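A short write-up of the structure that comes next.
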Amino acid sequence: MTSMEQQETLTANGSGRRGRSRDSRLKGPSDKKRSLAALSLASKIGYLTISDLLPTKEAITSALHGQLPIRIYDKGERIFPVEQAEPILFLVRTGAVNVFRKAPSGTRYSVKNLESGAVFGEMPEYGQTMLGAEAEALVLTELAIIRPPEFEAMISRSPTLAVNLVRGLGSRLVEVEKQHEQAAFQTIPARLATLLLRMASSENMVKGISHQDIADELGVYRETVTNAMAELKKAGLVAVGRRRITLLDPQRLVEIDSV
Numbered sequence: 635m636t637s638m639e640q641q642e643t644l645t646a647n648g649s650g651r652r653g654r655s656r657d658s659r660l661k662g663p664s665d666k667k668r669s670l671a672a673l674s675l676a677s678k679i680g681y682l683t684i685s686d687l688l689p690t691k692e693a694i695t696s697a698l699h700g701q702l703p704i705r706i707y708d709k710g711e712r713i714f715p716v717e718q719a720e721p722i723l724f725l726v727r728t729g730a731v732n733v734f735r736k737a738p739s740g741t742r743y744s745v746k747n748l749e750s751g752a753v754f755g756e757m758p759e760y761g762q763t764m765l766g767a768e769a770e771a772l773v774l775t776e777l778a779i780i781r782p783p784e785f786e787a788m789i790s791r792s793p794t795l796a797v798n799l800v801r802g803l804g805s806r807l808v809e810v811e812k813q814h815e816q817a818a819f820q821t822i823p824a825r826l827a828t829l830l831l832r833m834a835s836s837e838n839m840v841k842g843i844s845h846q847d848i849a850d851e852l853g854v855y856r857e858t859v860t861n862a863m864a865e866l867k868k869a870g871l872v873a874v875g876r877r878r879i880t881l882l883d884p885q886r887l888v889e890i891d892s893v
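Residue numbers are given in the working numbering: position 186 of the sequence shown equals residue 820, and the series is strictly consecutive.
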């Protein structure tokens with residue numbers, strides 16, 4: 635083979651690899667990444683309960699004041715999205731609700747189940763959103779329907795509800811700002827430490843997750859995660875096994891976690 639032919643072969647092979655790389659990016663998120671994304675929504679959807687806002691039964695009775703319309707949903711009946719898009723919240727009175735995300739292929743990824751007392755829905759002005767998730771009744775379920783006028787009336791009747799809502803939204807805003815700051819200014823090893831601390835079990839272990847899964851979660855290349863993990867391992871902070879990461883020194887991980 636002449637040098638010119640070798641060059642053409644190398645060029646063709648390189649183009650093929652780049653083409654395959656572009657094709658893989660165009661396929662969209664993997665099933666594993668979609669599953670991780672759904673799990674990450676669990677702390678963002680339906681995080682409020684009526685007891686968070688109103689600590690006593692008397693306060694709940696006073697605030698609700700029998701003014702909320704009630705609807706009963708059969709098992710498997712769709713609750714959200716509603717037919718006509720509008721700001722709306724639901725309070726689970728009895729039964730249970732499954733919140734899930736659906737991929738373009740139709741595959742469903744469960745986010746969480748909500749039970750009596752949970753509040754969920756789409757009312758961005760009060761910090762509540764479904765972030766593209768859907769909801770259906772797991773069993774025969776009774777929901778109270780809360781639209782903006784009803785919610786504002788509840789707030790006016792109960793200063794406690796207003797204060798607790800502001801406190802809850804304030805703490806979540808601080809957490810979001812912290813995450814943005816970490817993404818902008820933390821090194822990759824520090825962001826990796828943050829993720830491992832968040833995902834670790836009570837035994838300081840992270841199981842069933844690959845470097846690619848971590849890369850998808852952090853929004854970086856797998857090789858970048860591998861290099862960062864090697865740094866943590868060399869420092870004696872983690873031990874890495876097959877789909878298992880053990881946190882050897884959680885306190886030091888917390889220290890490098892801070893920006």
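Yeah, the Cβ is synthetic: ideal placement off N, Cα and C, and Gly gets one too. These figures come from a predicted structure and were not determined experimentally.
CB-CB length for residue i against residue j, believed under 8 Å
i, j, result
"Leu688", "Ser835", "The pair is not a contact, with the Cβ atoms about 33 Å apart (cut-off 8 Å)."
"Thr683", "Val753", "6 Å"
"Leu702", "Ala796", "With a Cβ gap of about 17 Å, Leu702 and Ala796 do not count as contacting."
"Thr880", "Met839", "5 Å"
"Ser744", "Ala672", "7 Å"
"Glu756", "Pro721", "6 Å"
"Ile789", "Leu723", "Wrong, their Cβ atoms sit about 12 Å apart, outside the cutoff."
Residue environment, residue i, which counts as buried when at least 16 other CB atoms sit within 10 Å
i, result
"Arg735", "buried"
"Leu765", "exposed"
"Lys691", "exposed"
"Asp599", "Since the first and last residues shown for the chain are 635 and 893, residue 599 lies out of range."
"Val716", "exposed"
"Ala719", "exposed"
"Glu889", "exposed"
"Ala862", "buried"
"Thr821", "exposed"
"Gly870", "exposed"
"Ser655", "Only weak support exists for where Ser655 lies, its pLDDT of 43 falling under 50; the value from the coordinates is given anyway. Per the 10 Å Cβ criterion, exposed."
"Gly680", "buried"
"Ile706", "exposed"
"Leu774", "exposed"
Span of the beta strand (DSSP E) around residue i
i, result
"Glu768", "768–771"
"Ala869", "Segment: none, Ala869 is in no beta strand (DSSP E) and carries neither H nor E."
"Ala752", "752–756"
"Met839", "839–841"
Residue span of the alpha helix (DSSP H) that contains residue i, given as start and end
i, result
"Arg878", "Premise fails: Arg878 lies in the beta strand (DSSP E), 878–881, not in any alpha helix (DSSP H)."
"Glu851", "845–852"
Note to self: Ignoring anything shorter than 3 residues, give me the beta strand (DSSP E) runs that lie fully in the region 670–745, in order along the chain.
What the structure shows: 704–707, 712–714, 722–728, 731–736
Next item on the list: Please specify which runs of the beta strand (DSSP E), each continuous and at least 3 residues long, are wholly inside the region 766–826, giving them in chain order.
Entry: 768–771, 775–780
Notebook entry, point to check: Taking contact to mean at least 3 C-beta pairs separated by less than 8 Å, is the region 736–752 in contact with the region 804–812?
Noted result: no
Notebook entry, point to check: Are the region 823–838 and the region 847–860 in contact at 8 Å, needing three or more beta carbon pairs?
Noted result: yes
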